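Trainee: Per full-length UniProt numbering, the sequence shown starts with residue 1, numbered consecutively.
The beta-carbon is built from N, C-alpha and C at its ideal position, and this holds for glycine as well.
Here the structure is a predicted model, which means the values were calculated and not measured.
What follows is a structure written as structure tokens; I'll ask about it next.
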Amino acid sequence: MSNKEFKSGFVSIIGRPNVGKSTFLNRVIGQKIAIMSDKPQTTRNKIQGVYTEDEAQIVFIDTPGIHKPKHKLGDFMMKVAQNTLKEVDLVLFMVNAVEGFGRGDEFIIERLKETKTPVFLVINKIDEIHPDELLTLIETYKDLHSFAEIVPISALQGNNVDRLLDQIKKVLPEGPQYYPADQVTDHPERFIVAELIREKVLHLTREEIPHSIAVVIDSMQTRENGAVYVGATIVVERDSQKGIVIGKQGKMLKEVGKRARVDVEALLGSRVFLELWVKVQKDWRNRLTHLRDYGFREDEY
């Protein structure tokens, strides 16, 4: 950009589940974008929402949730989240005003103390509490960490969201426009949709199907009636696995579709029609071309 005053940077949003991160992102970006599920298998990639205006571009990064690890996968995800905190220009620590301070927040704050990146405390859902409660909450959090800013908002109603954006722009460095102005995310919704379907297969087949399945979204279109039509292929490694996923008279596949549709509708905020197929691709996990096709990128591990 020729304008020397143009500001840009990366902002990480962290917080416990259900604090309103996705609602905030959707409000800022102006449309539904990819959001993170709290399931481990949906945290393979950091999902970005890109907000662009004439003087600035803010790239929001949704990290794997920071939580006390219970297993090795949890340890790995924690490292990813911690590294993200070091790589960004600003961290938004979002909390739910209704729930107030909790042990999960305490754990996150301990991690925040280990980073030199500036942190804004964003208190969301202020429309659901009395102003006196908000003041008490602010005092509670103030004593726990030295926040660069404390901004109360209602992501749902839009209260104070513009002020938060202004504050973010103030701390961002001068920089280039990383993405085209009309691009709102670097990671499509179809990634999450695929993961939700995959999760249902693993859950319903339990031990019968190991982690040797992938899900490819073949088509995803919004029709004039506002409904989203999704066609997806479940890829397995063996014919026997195909039989298990389809089930007797197609019952297993129907159940996968039924459960996945509920989650996909919640994700997209729309009515969803989901059509599933099953395909055998022998030994796909050991073939680099297949791995790339199914969304696994070497540089992310």
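Kindly indicate the opening and closing residues of the beta strand (DSSP E) around P152.
Mentor: Looking at the DSSP string, the run of the beta strand (DSSP E) that includes P152 is 149-152.
Trainee: Check this for me: beta carbons of L172 and V11, under 9 Å apart or not?
Mentor: The answer is yes: Cβ separation under 9 Å.
Trainee: Please return the same chain residues whose Cβ sits closer than 8 Å to the Cβ of G20, not counting the five positions on each side in sequence.
Mentor: Once the five neighbours on either side are set aside, the close Cβ partners of G20 are M94, N96, N124, K125, A155, L156.
Trainee: How long is the line joining the alpha carbons of D38 and D62, rounded to whole angstroms?
Mentor: Unreliable positioning characterises D38 in this predicted model, as indicated by a pLDDT of 38, which lies under 50. The coordinate reading is nonetheless provided below. Whole-angstrom Cα-Cα distance: 11 Å.
Trainee: By how many angstroms is the C-alpha of F273 removed from the C-alpha of E195?
Mentor: One C-alpha to the other measures close to 17 Å.
Trainee: Counting only runs of 4+ residues fully inside the segment 98-162, write out the alpha helix (DSSP H) ranges in chain order.
Mentor: Counting whole runs of 4 or more residues, the segment 98-162 contains the alpha helix (DSSP H) stretches 103-112, 131-142.
Trainee: Please list the terminal residues of the continuous alpha helix (DSSP H) segment that includes K7.
Mentor: No alpha helix (DSSP H) contains K7, which is instead part of the beta strand (DSSP E) from 7-14.
Trainee: Can you tell me the Cα-Cα spacing of G243 and E224, whole angstroms?
Mentor: Approximately 36 Å between the Cα atoms of the pair.
Trainee: Within 10 angstroms of the Cβ of N45, are there 16 or more other Cβ atoms? Answer buried if so, exposed if not.
Mentor: Model confidence at N45 stands at a pLDDT of 46, short of 50, so the residue's coordinates are unreliable and nothing is read from them.
Trainee: Quickly, what does DSSP pair N96 with across the bridge? List them, please.
Mentor: Answer is N124.
Trainee: By Cβ distance, which residues of its chain are closer than 6 Å to R271, with the 5 residues on each side in sequence left out?
Mentor: Same-chain partners within the cutoff: A227.
Trainee: Does the pairing of the segment 128-139 with the segment 158-171 give three or more beta-carbon distances under 8 Å?
Mentor: They do not touch, by the three-pair rule.
Trainee: So is the beta-carbon of V272 under 8 Å away from any non-hydrogen atom of the ligand SAH?
Mentor: Looking at this structure, you won't find the ligand SAH or any other ligand, since it has none at all.
Trainee: Which full runs of the beta strand (DSSP E) of 3+ residues lie inside the UniProt domain "KH type-2" (205-282), going along the chain?
Mentor: The UniProt domain "KH type-2" (205-282) contains these whole beta strand (DSSP E) runs: 214-222, 228-236, 272-280.
Trainee: Flag this pair as touching only if the segment 244-260 and the segment 190-206 have three or more C-beta atom pairs under 8 Å; answer yes or no.
Mentor: Touching, yes, given that three or more Cβ pairs across the two stretches are closer than 8 Å.
Trainee: Just verifying my parser: in three-state terms, what is the DSSP assignment at V28?
Mentor: In the structure shown, V28 sits in a helix (DSSP, three-state: H, G or I).
Trainee: Does DSSP classify E55 as helix, strand or coil?
Mentor: Looking at E55 - three-state DSSP - the assignment turns out to be coil, as it is neither helix nor strand.
Trainee: Return yes when the Cβ of A260 is within less than 9 Å of the Cβ of I197, no when it is not.
Mentor: Going by C-beta atoms, I197 is nearer than 9 Å to A260.
Trainee: Bridge partners for E87 per DSSP, in chain order?
Mentor: Answer by DSSP bridge pairing: none, since E87 is not bridged.
Trainee: Verify whether the separation of the beta carbon atoms of I29 and V50 is less than 9 Å.
Mentor: Going by C-beta atoms, I29 is nearer than 9 Å to V50.
Trainee: In terms of alpha-carbon separation, which member of G175, P152, R111 lies closest to L144?
Mentor: Taking only the C-alpha atoms, the option nearest L144 is R111.
Trainee: Tell me which same chain residues have a C-beta within less than 6 Å of the C-beta of E275, skipping the five on either side of it?
Mentor: For E275, where only same-chain residues beyond five positions count, the Cβ hits under 6 Å are G231.
Trainee: If the criterion is Cβ atoms closer than 9 Å, does the pair Q177 and S8 meet it?
Mentor: Yes, Cβ-Cβ distance for Q177 and S8 is below 9 Å.
Trainee: In whole angstroms, give me the CA-to-CA distance for K279 and L253.
Mentor: Cα to Cα, K279 sits roughly 12 Å from L253.
Trainee: What's the C-alpha gap between G102 and W277?
Mentor: If you take the alpha carbons of G102 and W277, they lie about 43 Å apart.
Trainee: Keeping to the same chain, check which residues put their C-beta closer than 7 Å to that of R27; ignore five residues upstream and five downstream.
Mentor: Cβ neighbours of R27 beyond the five flanking positions: A155, G158, V161.
Trainee: What residues in its chain sit with their C-beta under 6 Å from that of residue 303, if we drop five residues either side in the sequence?
Mentor: For the chain, the structure presents residues 1 to 301; residue 303 sits outside this window and is missing.
Trainee: What does E174 pair with, by DSSP beta-bridge criteria?
Mentor: E174 pairs with K7.
Trainee: Is N18 helix, strand or coil when you go by DSSP?
Mentor: If DSSP states are grouped into helix, strand and coil, N18 belongs with coil.
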